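Note that full-length UniProt numbering has the sequence shown beginning at 1, numbered continuously upward.
Everything on this sheet refers to the single structure shown next.
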Amino acid sequence: MHLMNIPAWNNNTDEAVCIAELKLGLIAESCLNPGFSTMIANIFAMRSDTEVAGKLTEQSSPSRFIWLQEYLRGASLEMYTETLSNYFVHDLKNFSEAARFCLVELDILLFAIEVCEENGQRRLAINPDRTSKYYRIAKRTRGFFLAGSSEEASR
Numbered sequence: 001m002h003l004m005n006i007p008a009w010n011n012n013t014d015e016a017v018c019i020a021e022l023k024l025g026l027i028a029e030s031c032l033n034p035g036f037s038t039m040i041a042n043i044f045a046m047r048s049d050t051e052v053a054g055k056l057t058e059q060s061s062p063s064r065f066i067w068l069q070e071y072l073r074g075a076s077l078e079m080y081t082e083t084l085s086n087y088f089v090h091d092l093k094n095f096s097e098a099a100r101f102c103l104v105e106l107d108i109l110l111f112a113i114e115v116c117e118e119n120g121q122r123r124l125a126i127n128p129d130r131t132s133k134y135y136r137i138a139k140r141t142r143g144f145f146l147a148g149s150s151e152e153a154s155r
């Protein structure tokens, strides 16, 4: 079926997704980056803190199961988007500094940014490095965070 025959189809905003290609891409990414599939599954499953707390039994030795506590805490985080404040633009200036600040000072994880280009188009950059043209933080940049609540992400 030709996509242009679909009445609500808009070339500027709609995209077709091939599920088989998406699955194979996720498998390939998991081979290159161990833990990637677990991270993606946790982002989409989103468990609550109370559900996660139930997994930790009172019999568990805290020092013996530190890895489990860290994993379950991470599994309880949810994904939020917020426009970055002027502090990120003027004082932190790039993605690495912003991600470090969010983790150390706010206890949330900044893992991607959405940049508004001069032509109005928005571009998503996941963990951009120094070579990316989206590495520097500009005005109207939105951050993608893993946080315990929307209040934590909006700080």
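Ideal Cβ positions, reconstructed from N, Cα and C, are used throughout, including at glycine.
For clarity, every value in this text was computed on a predicted model and none was experimentally measured.
Suppose you measure from the CA of residue i to the CA of residue j; what does that come to, to the nearest Å?
i	j	result
residue 136	residue 113	10 Å
residue 145	residue 83	11 Å
residue 125	residue 116	11 Å
residue 109	residue 129	16 Å
residue 6	residue 90	45 Å
residue 152	residue 106	8 Å
residue 120	residue 45	32 Å
residue 27	residue 99	27 Å
residue 37	residue 139	32 Å
Would you call residue i buried or exposed, if buried means 16 or more other Cβ atoms sit within 10 Å of its Cβ?
i	result
residue 17	exposed
residue 87	exposed
residue 76	buried
residue 42	buried
residue 102	buried
residue 95	buried
residue 131	exposed
residue 143	buried
Does DSSP put residue i in a helix, a strand or coil?
i	result
residue 137	coil
residue 45	helix
residue 18	coil
residue 25	helix
residue 9	coil
residue 37	helix
residue 30	helix
Please name the residue or residues paired with residue i in a DSSP beta bridge.
i	result
residue 147	78
Compare the C-beta of residue i against all C-beta atoms of chain D and say whether one is closer than 8 Å.
i	result
residue 118	Absent here is chain D; the protein component of the structure consists of one chain.
**OP:** List in chain order: all unbroken alpha helix (DSSP H) runs of 4+ residues lying wholly within the segment 70-143.
**Re:** Annotation: the segment 70-143 contains the following complete segments of the alpha helix (DSSP H) (minimum length 4 residues), in chain order: 95-101.
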